[in-house]
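Data first, discussion second: the structure below is written as structure tokens.
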Amino acid sequence: MKADRGNNKQGKIFVISGPSGSGKTTLLARLIKDRKAGKLLKKSRSVTTRPKRSGEKEGKDYSFVNSQEFKCLLKEKKILEWTRYLGYYYGTPREPLEKQLLDGKSIGLCLDLNGARIIKKLYPARVVTIFIIPPSLHALKERIRGRCRGTDQKEVRERIFLARKELKSSGEFDYRILNQSLPEAIKELKNIFWKETAG
Ligand code: ADP
Ligand code: 5GP
1419 MKADRGNNKQ
1429 GKIFVISGPS
1439 GSGKTTLLAR
1449 LIKDRKAGKL
1459 LKKSRSVTTR
1469 PKRSGEKEGK
1479 DYSFVNSQEF
1489 KCLLKEKKIL
1499 EWTRYLGYYY
1509 GTPREPLEKQ
1519 LLDGKSIGLC
1529 LDLNGARIIK
1539 KLYPARVVTI
1549 FIIPPSLHAL
1559 KERIRGRCRG
1569 TDQKEVRERI
1579 FLARKELKSS
1589 GEFDYRILNQ
1599 SLPEAIKELK
1609 NIFWKETAG
């Protein structure tokens, strides 16, 4: 198959979804930090119109753009899928994902439910969907607040409101991970990764 450039390994698309604050980004980063997994997997860096949080870095956490720039990227078909979350746009750049797959490697994406559903439809045979479950809504609230001290109460409430809805869809996913103990959750994610990339 041309897409695999002579080797028969097929990269997978690991879509990690779950409520904001459930630990998607943390878990994916920890998986990629693993020396062996990190050679086979990279994170997709989304484009967003959301303002940068303190501690976030342009080009590392996201590519931060304005609405006009985002619309241009859409028009130029550079965005594979996109969503609107709490009034901001978020999208997955097409080219890095396609390149990673062409190289026979895997890619990890942290997406909302819309994105997970779209990517599953686009690449049914290659996608592995994983839903991260927080221990409780209370813990989720604390994690959202703890992640960025400047997050205002209204935004926390909106994210928790969406989380209640998102949690009802966990059954759609191939795997579910309860992220209570971080080391346990990382272990589970690593097991899924190796199970899905073996062979
Ligand atoms: P998401 O990407 O799902 O929005 P993050 O990965 O940004 O969530 O995690 C939200 C916050 O919760 C971060 O400050 C992170 O360090 C923290 N966190 C993640 N997993 C755990 C855990 N198991 N126990 C305690 N805190 C956690
Ligand atoms: P946050 O503002 O917390 O960084 O992201 C809000 C939500 O948007 C999270 O559920 C996150 O996973 C999701 N998200 C981030 N980037 C993308 C993307 O490119 N596409 C989609 N569909 N969702 C995204």
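Per the numbering used here, the sequence shown starts with residue 1419, numbered consecutively. All C-beta atoms in this analysis are idealised placements derived from N, C-alpha and C, irrespective of residue type, glycine included.
Counting only residues of its own chain and dropping the five nearest sequence neighbours on each side, residue 1508 has a CB closer than 6 Å to the CB of 1464, 1466 and 1501. Apart from the 5 residues on each side of it in sequence, residue 1608 sits with its Cβ closer than 8 Å to the Cβ of 1449, 1452 and 1455 in its chain, given in chain order. In the displayed model, residue 1493 falls within a helix according to three-state DSSP. Around the CB of residue 1591, 16 or more other CB atoms lie within 10 Å, so the residue is classed as buried. In this structure, the CA atom of residue 1597 is about 30 Å from the CA atom of residue 1516. Apart from sequence neighbours up to five positions away, the residues of its chain that approach residue 1446 with a beta-carbon distance below 7 Å are 1434, 1461, 1526 and 1528, ordered along the chain. In this structure, the beta-carbon distance from residue 1584 to residue 1540 does not fall below 7 Å. Counting only runs of 4 or more residues that sit fully inside the region 1429-1517, the alpha helix (DSSP H) segments are 1442-1451, 1453-1458 and 1485-1493, in chain order. In the three-state scheme derived from DSSP, where H, G and I count as helix and E and B as strand, residue 1529 is classed as coil. Judged by their CB atoms, residue 1470 and residue 1544 are not nearer to each other than the 7 Å cut-off. In this structure, the alpha-carbon of residue 1578 lies about 10 Å from that of residue 1572. Taking C-alpha positions only, residue 1440 is separated from residue 1549 by approximately 9 Å. Around the beta carbon of residue 1518, 16 or more other beta carbons sit within 10 angstroms, so the residue counts as buried.
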